[in-house]
Amino acid sequence: MRIIMLGAPGSGKGTQSEAIRKRYQITTIATGDLLRAEVSKGTALGRQAKEIMEAGELVPDEIILGMIAEHLAEEDTDNGFLLDGFPRTVRQAVALDAMLQKLHLPLHAALFFEVGYDEIMKRLLARHRSDDNEQTIRHRLEVYEKQTAPVIEHYKELGILRTIQGVGDIGQISQRIFEVLDATLDVINQTLASRQGQG
Ligand code: AMP
652 MRIIMLGAPG SGKGTQSEAI RKRYQITTIA TGDLLRAEVS KGTALGRQAK EIMEAGELVP
712 DEIILGMIAE HLAEEDTDNG FLLDGFPRTV RQAVALDAML QKLHLPLHAA LFFEVGYDEI
772 MKRLLARHRS DDNEQTIRHR LEVYEKQTAP VIEHYKELGI LRTIQGVGDI GQISQRIFEV
832 LDATLDVINQ TLASRQGQG
């Protein structure tokens, strides 16, 4: 199963990606984690990304796309993959679609975590990461609205958007996701079975 997760910073992607990984045994690739690892290792890429991340801006598409291509090639994706925090621009989405089409590995679902602005603000202010002060948070949300929110429409048009209500109990939200993904898996398995039947 190949899925991506969309949603504002603080919408619960990180928390829920862990639940998804555990239940479906798929490799998770989180671009924010990869970037933070580069920053703490002090690599050239990390030095370039650090200030951008601290300012709440997006790291350039080329850098992110290179990182994704590398990790998709390196990691075990036999069971599929879950991308967290990517794509964050329509350009990244279009490039991802092209990359996956070439590999004959289309996406099955784009999970969108829907959470209201006030709730997001409350969560982000409570979580205090080094790139989370109030001004940065506001800016990150603006960047999200402008550059990332249009990605939701992109996957809606492709017919694979699955909206999850991202408020309430963490376990309950996981259950909503599992319902959607179990149904997605059923469709995948049916398709595989009918292909085998034809072959
Ligand atoms: P995250 O942990 O997903 O919130 O990402 C932390 C920061 O890393 C973001 O605020 C961006 O500066 C950067 N970042 C992560 N993923 C991407 C991406 N797909 N495109 C551009 N910048 C990204």
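Quick note on this note's numbering: the sequence shown kicks off at 652 and runs consecutively. Yeah, the Cβ is synthetic: ideal placement off N, Cα and C, and Gly gets one too.
Residue from the options with nearest C-alpha to residue i
i: isoleucine 719; options: Glu705, Met704, Gly736; result: Gly736
i: leucine 723; options: Met750, Leu709, Ile671; result: Met750
i: leucine 775; options: Ile671, Val831, Leu657, Ser662; result: Ser662
i: lysine 797; options: Arg739, Asn840, Asp833; result: Arg739
i: leucine 733; options: Ala834, Thr682, Ala800; result: Thr682
i: isoleucine 714; options: Arg791, Leu809, Glu689; result: Glu689
i: aspartate 729; options: Gly717, Leu754, Ala706; result: Leu754
i: glycine 810; options: Arg791, Thr835, His790; result: Thr835
i: glycine 717; options: Gln743, Thr694, Glu702; result: Gln743
i: glycine 707; options: Thr694, Gly731, Leu792; result: Leu792
i: tyrosine 768; options: Arg827, Asp748, His790; result: His790
i: glycine 674; options: Phe764, Thr842, Phe829; result: The displayed chain sequence assigns arginine, not glycine, to residue 674. When only C-alpha atoms are compared, the closest one is Phe829.
i: arginine 672; options: Ala695, Glu721, Gly731; result: Gly731
beta-carbon residue i near the ligand AMP non-hydrogen atom, thresh 7 Å
i: glycine 736; result: yes
i: isoleucine 771; result: no
i: leucine 812; result: no
i: threonine 728; result: no
i: proline 660; result: yes
i: isoleucine 655; result: no
i: methionine 750; result: no
i: leucine 709; result: yes
i: isoleucine 715; result: yes
i: threonine 682; result: yes
i: leucine 792; result: no
i: glutamine 699; result: no
i: methionine 652; result: no
i: leucine 686; result: yes
i: arginine 739; result: yes
i: glutamine 841; result: no
i: glutamine 743; result: yes
i: isoleucine 824; result: no
i: isoleucine 703; result: yes
Integer Cβ distance of residue i from residue j, believed to fall under 8 Å
i: glutamine 667; j: serine 825; result: 6 Å
i: arginine 653; j: histidine 779; result: In fact, because the Cβ distance is near 33 Å, the residues do not count as touching under 8 Å.
i: tyrosine 795; j: proline 660; result: 6 Å
i: valine 818; j: glutamate 770; result: 6 Å
i: glutamate 726; j: isoleucine 677; result: In fact, because the Cβ distance is near 10 Å, the residues do not count as touching under 8 Å.
i: isoleucine 839; j: arginine 827; result: So it is not a contact: roughly 19 Å between Cβ atoms.
i: phenylalanine 764; j: glycine 665; result: Actually they are not in contact, since the Cβ atoms of phenylalanine 764 and glycine 665 sit about 11 Å apart, beyond 8 Å.
Chain-order list of residues whose beta-carbon lies under 6 Å from that of residue i (same chain, five-residue window excluded)
i: arginine 813; result: Ala760, Leu762, Val831
i: isoleucine 788; result: Leu775
i: threonine 799; result: Arg739
Close beta carbons around residue i, own chain, < 8 Å, minus the five adjacent residues each side
i: valine 745; result: His805
i: serine 691; result: Gly697
Nonlocal neighbours in the same chain, by C-beta distance under 7 Å from residue i, ignoring five residues either side
i: valine 741; result: Pro801, Val802, His805
i: leucine 686; result: Ala700, Met704, Val710
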